[in-house]
Structures are given as C-alpha cells and as structure tokens.
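Undergrad: Mind looking over this structure? Questions follow.
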Amino acid sequence: MKEQDIIKIVNDFLIDEFELEPEQIKDDTLLRDELELESLDLVDIIVLIEREFGFKVEPTEIVKVNTVRELYDFITERVNKS
Amino acid sequence: MPQWTGKTRGGIAGYKSFVFILKYFGISSAYFFLRFVVLYFLIFAPKAFKASYYFLNKRLHFSPFKSFRYVSKTFYKLGQVLIDKVAFLSGLNKNYTFDFDGEEHLRQLADETGGVLIGVHAGSWEIAGHLLKRLNTKINIVMFADEHERIEGFLTQMYKDKNVNFILIGKNDYSHLFQIAEALKNREMIAIHGDRFLPGTNTLSKEFFGKNALFPAGPFLIPLKYNVPVSFVMAMKETSKHYHFYATPPKKFQSPKNPDDRNRLVNIMLEEYIENLENILMKYPDQWFNFYDFWGDIK
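Heads up: the sequence lines are chains L and C, in that order.
Take any residue in the first sequence, count from 1 to its spot, add 198: that is its number in this note's numbering.
Take any residue in the second sequence, count from 1 to its spot, add 12: that is its number in this note's numbering.
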C-alpha cells in the first residue's frame, strides 16, 4: 500500500470520527496536546489500524506515537513489513 | 501539585489481624481493639493526620479542636469500615442493616443499557460493591493494578460468588480501555473511582470545598465516549452496623465526537460529581478517606 493511501485513510478517519477540520491535521500536529485525543480515542485508532491495515497493535506501541506524522510512519512501516 | 502515589497503606497483615480478632472475639471486640490502632496512627501517621486535619480545618472550616476530634473519628471510622469488610467475608453480614437511596436507578441501568458508576474513596466502596450484588448483573470494578495486587486474595474471596470482574489499570498500558469498551458493549456495569489518578494521567482542576483540586479525567470521559448513562454511587457508614447506599439518577449526556465539545461536557459532569460529593461529605465529614495532600495546599 502506498503512503498516500495510508495518509488518506488515517485523515478521513480522524476527520470523521473526531469531527476535526482537515486543516487541523498536519504532520507535526500533536495527537494528545493539539487534537486533544484521549487514551480512549487511541483505542479507536488501534481498532482502525487493525481493521483497515490488517495488523495487530499492542497498546504499548501506540503510547509512543505522538504526532500525526509518527502515526503515518508507524502504519507505513508495519504495512511494508508484512 | 502533590498527588496520590499509587500506594495504599496497610495490607494483608492488617486484614489478617482483624480476621483473627473477629473470628475469636467478635465485631464489638474488634471495634474496641481498633481504638488502640487509631491511637497508634494518630501518633505515627503524621502525613495522614495532616491531610485529614487540613480537610476538616481548612476546607470544612471546623475549629482546631473539632478538627482534631474528627481526625480521630475519621481514623476510627476507616478502621470500622475495614473490620466490616472482613466481617462480610466471614459471613457476619446478617448483623448489618442498610438503607438504599436510588437502587431503582441502578436496576434500570442493569436491565436496560448498563452504564458507569463513579464512586469515591469515602465510606466503603467494598460494601457498595457487595450491595451491587442485588442487581444481578455483571459489575466490572476498575482499579489500579498496584492497589489490587496488595489485596488481591482478599478481593477474590470477597467477590468469589458474585458476578464481579476486576479491570486493572496498569502504567503505560491501554488494555483496561479495551476491557471497559467490551463490557459496555455487552451492557454491563463499570464501577470506577472519580477521585484518584496516577501521575502522568489526564486531570481536571475543579473547585472542591472552596479550593481547586485535581480530579482524573478518565472516569468522566467513559460515559461520553461510549454513550452510556452515569450514576454517582457511595455507601456511607451511619452507625456501627448500618450503612446507607446512595446512587444518583442515571444521566446520559450527549456523546460528542469533537474533543472540544466533549471537554465541555466532561467539566459539567465533574461539577455534578463534586456537588454530590460535597453534599455527602458535609453529612459524613468523618468519612473522607483520601489521606494525602488532595488540594496540594499543605505546607
């Protein structure tokens, strides 16, 4: 899967699930401090990843993801590995 | 701001001592013995003493003498609550009587949607948990892993025949959130405290008895995130062998997806929780069992 496809899926999910504006989502946007996503929301992101990209995510892994770019990279790396 | 360290004083040894006294001498003897234990703690637990005295003197504006007297009463009441827990385990619960305010609300939750019950470290949450057995529904008690580890054997025994599951909150681990989501999807009940948090977790600062204190955000986010009703519950000790269980009418807030809207509602929910808690504590000032610098104001 191309990185652009991954970015589109992630952005569409963030916009739809958390009613965010597209311009709020930038590479260096902080998931917790700027988008104000809570740990409960990260559970939704884990579920999205498992559903859309087909790999399991340990909760401890997602804790390390801080920015939107880190989220793209995390998914891209794991998708390309499999 | 100072916060709860995640450690709870006392443990299995304390429980075993009470079990021994209860078994051979009965509840009244255990209460008598407790007076000496209280004296020990008044002298050798200065941090707990200061925290309790601060609450009574600075937040409830009791006079110094009355505050001192109520610190003793608080320690004694906590000891009684611990003894009562053990008495319940030993099958002596028939000696106790109860009043229920709001049981019908919880029955409604149990029968229809499931929901979140937010409690507090005041009165006895274990007795509250025991009383929830009457609902005949699955209750998931959310607690800190460290707290659970210290009294695991005790809890297992306390709830061995009951429809109770423990969901443990660990550090840097979200597995408890998946379990909470699953339980609510199955229309079960989640019971969680709304007054303590671990370092590094999200908090909200709110006025509580005239001065801002920190409260965990998590318990108040759960009902919004999963679109389920919430009720504030507590079981307060009224006389030696009488408890009063309180449950507020379940309230279902909107379930906004946008974090800004959600934060607004979390604040409203927390304010309602605090208002309810203040009313209860004014009635039972000797049952506030958070023995640390809750307001971050002790010099």
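Ideal Cβ positions, reconstructed from N, Cα and C, are used throughout, including at glycine.
Mind pulling the chain L residues with CB within less than 7 Å of Asn239(C)?
TA: If you number the second sequence from 1, residue 239(C) lands on position 227. Neighbours of Asn239(C) across chain L, judged by C-beta separation under 7 Å, do not exist; the nearest C-beta is about 12 Å away.
Undergrad: Please report the straight-line C-alpha distance between Leu232(L) and Lys224(L), rounded to a whole angstrom.
TA: Within the first sequence, numbered from 1, the residue matching residue 232(L) stands at position 34. Within the first sequence, numbered from 1, the residue matching residue 224(L) stands at position 26. Looking at the sequence provided, one finds Glu at residue 232(L) rather than Leu. So the two alpha carbons sit approximately 11 Å from each other.
Undergrad: Hey, Ile234(C) and Ile204(C): beta-carbon distance below 9 Å or not?
TA: Locating residue 234(C) in the second sequence gives position 222, counting from the first residue. Locating residue 204(C) in the second sequence gives position 192, counting from the first residue. Result yes, Cβ atoms of Ile234(C) and Ile204(C) sit closer than 9 Å.
Undergrad: Looking at Lys223(C): is its Cβ nearer than 9 Å to the Cβ of Trp300(C)?
TA: Numbered from 1 along the second sequence, position 211 holds the residue referred to as residue 223(C). Numbered from 1 along the second sequence, position 288 holds the residue referred to as residue 300(C). Going by beta carbons, Lys223(C) and Trp300(C) fall outside the 9 Å limit.
Undergrad: Is Phe112(C) helix, strand or coil when you go by DSSP?
TA: Here residue 112(C) refers to the residue found at position 100 when the second sequence is read from its first residue. In the structure shown, Phe112(C) sits in a strand (DSSP, three-state: E or B).
Undergrad: Could you tell me whether the Cβ of Asp187(C) comes closer than 9 Å to any Cβ of chain L?
TA: Position 175 of the second sequence, counted from the start, is the residue given in the question as residue 187(C). Looking at the sequence itself, residue 187(C) is Ser, so the reference to Asp does not match. Yes, Ser187(C) lies at the interface with chain L (some Cβ there is under 9 Å from its Cβ).
Undergrad: Between the alpha carbons of Gln202(L) and Val266(L), how many angstroms are there, rounded?
TA: Within the first sequence, residue 202(L) is the residue found at index 4, counting from 1. Within the first sequence, residue 266(L) is the residue found at index 68, counting from 1. Straight-line Cα distance between these residues: approximately 14 Å.
Undergrad: So with CB distances below 9 Å, who are the chain L contacts of Pro271(C)?
TA: The residue given as residue 271(C) occupies position 259 in the second sequence. The contacting residues are Phe216, Glu217, Leu218, Leu233, Glu234, Leu235, Glu236 and Asp239.
Undergrad: Please report the straight-line C-alpha distance between Glu248(L) and Val98(C), rounded to a whole angstrom.
TA: Taking the first residue of the first sequence as position 1, residue 248(L) is located at position 50. Taking the first residue of the second sequence as position 1, residue 98(C) is located at position 86. Distance between the alpha carbons of Glu248(L) and Val98(C) is about 45 Å.
Undergrad: For Leu289(C), which residues of its own chain have a beta-carbon under 7 Å away from its beta-carbon, when the five flanking residues on both sides are left out?
TA: Sequence index remark: in the second sequence, residue 289(C) carries index 277 (1-based). Excluding sequence neighbours, Leu289(C) sits near Val132.
Undergrad: What span of residues does the alpha helix (DSSP H) with Lys253(C) cover, start to end?
TA: Numbered from its first residue, the second sequence carries residue 253(C) at position 241. Neither: Lys253(C) is in no alpha helix (DSSP H) and is coded neither H nor E.
Undergrad: Is there a Cβ from chain C that is less than 9 Å from the Cβ of Val277(L)?
TA: Residue 277(L) sits at position 79 when you count from the first residue of the first sequence. For Val277(L), no Cβ of chain C is located within less than 9 Å of the residue's own Cβ.
Undergrad: Can you give the Cα-Cα distance for Pro228(C) and Phe37(C), rounded to whole angstroms?
TA: For this step, residue 228(C) is matched to residue 216 along the second sequence. For this step, residue 37(C) is matched to residue 25 along the second sequence. Going by the C-alpha atoms only, they are around 41 Å apart.
Undergrad: Give the interface partners of Ile234(C) over in chain L, defined as CB-CB distance under 8 Å, in chain order.
TA: Along the second sequence, one-based indexing puts residue 234(C) at 222. Those within 8 Å of Ile234(C) in chain L are Leu238.
Undergrad: Got a sec? Which residues, its chain only, sit under 8 Å from His254(C) by beta carbon, not counting five neighbours each side?
TA: Indexing the second sequence from 1 puts residue 254(C) at position 242. If we look at His254(C) and ignore the five residues flanking it on each side, its Cβ neighbours are Tyr108, Thr109, Phe110 and Asp111.
Undergrad: Pick out whichever of Ile151(C), Ala225(C) and Gly103(C) has its Cα sitting closest to the Cα of Ile192(C).
TA: Locating residue 192(C) in the second sequence gives position 180, counting from the first residue. Closest option to Ile192(C), Cα to Cα, is Ile151(C).
Undergrad: How would you label Thr86(C), buried or exposed, when you count the other beta carbons within 10 angstroms and need 16 or more for buried?
TA: For this step, residue 86(C) is matched to residue 74 along the second sequence. Buried is the call here.
Undergrad: Skipping 5 residues on each side, what residues in its chain have a beta carbon closer than 6 Å to that of Ala60(C)?
TA: Here residue 60(C) is taken as the residue at index 48 of the second sequence, counted from 1. Around Ala60(C): Phe303.
Undergrad: How about Pro14(C): is its C-beta nearer than 9 Å to some C-beta of chain L?
TA: Taking the first residue of the second sequence as 1, we reach residue 14(C) at position 2. Because Pro14(C) carries a pLDDT of 49, less than 50, the predicted location of this residue cannot be relied on, and no value is offered for it.
Undergrad: Could you please give the first and the last residue of the uninterrupted alpha helix (DSSP H) stretch that includes Lys218(C)?
TA: Reading the second sequence from its first residue, position 206 is the one you call residue 218(C). From DSSP, Lys218(C) is part of no alpha helix (DSSP H) but of the beta strand (DSSP E) over Thr215 to Phe220.
Undergrad: Could you check the C-alpha separation between Asp185(C) and Leu228(L) for me, to the nearest Å?
TA: Indexing the second sequence from 1 puts residue 185(C) at position 173. Indexing the first sequence from 1 puts residue 228(L) at position 30. Distance between the alpha carbons of Asp185(C) and Leu228(L) is about 20 Å.
Undergrad: Tell me the rounded alpha-carbon separation between Pro231(C) and Asn175(C).
TA: Reading the second sequence from its first residue, position 219 is the one you call residue 231(C). Reading the second sequence from its first residue, position 163 is the one you call residue 175(C). If I take the Cα positions, the gap works out to 21 Å.
Undergrad: Using Cβ-Cβ distances below 8 Å, what residues of the stretch 248 to 264 of chain L are close to chain C?
TA: Pro257, Thr258, Ile260 and Val261
Undergrad: Which value, in whole angstroms, describes the spacing of the CA atoms of Met199(L) and Thr274(L)?
TA: Your numbering for residue 199(L) matches position 1 in the first sequence. Your numbering for residue 274(L) matches position 76 in the first sequence. Taking the straight line joining both Cα atoms gives about 8 Å.
Undergrad: Would you mind sorting Leu269(L) into buried or exposed? The rule is 16 or more other CB atoms within 10 Å of its CB.
TA: Numbered from 1 along the first sequence, position 71 holds the residue referred to as residue 269(L). With 16 or more other Cβ atoms within 10 Å, it is buried.
Undergrad: Could you check the C-alpha separation between Val49(C) and Thr251(C) for me, to the nearest Å?
TA: The residue labelled residue 49(C) in the question sits at position 37 within the second sequence. The residue labelled residue 251(C) in the question sits at position 239 within the second sequence. If you take the alpha carbons of Val49(C) and Thr251(C), they lie about 20 Å apart.
Undergrad: Please report how far the alpha carbon of Phe190(C) lies from the alpha carbon of Leu282(C), in whole angstroms.
TA: For this step, residue 190(C) is matched to residue 178 along the second sequence. For this step, residue 282(C) is matched to residue 270 along the second sequence. The C-alpha of Phe190(C) lies about 23 Å from the C-alpha of Leu282(C).
Undergrad: Can you check whether the C-beta of Ile244(L) is within less than 9 Å of a C-beta belonging to chain C?
TA: Reading the first sequence from its first residue, position 46 is the one you call residue 244(L). Yes, its Cβ sits closer than 9 Å to a Cβ of chain C.
Undergrad: Please list, in chain order, the chain L residues whose beta carbon lies closer than 8 Å to that of Asn275(C).
TA: Here residue 275(C) corresponds to residue number 263 of the second sequence, with the count starting at 1. Per Cβ cutoff of 8 Å: Glu234.
Undergrad: Counting beta carbon pairs with one atom in the stretch 290 to 297 of chain C and one in the stretch 200 to 219 of chain C, are three or more of them shorter than 8 Å?
TA: Short answer: they don't touch.
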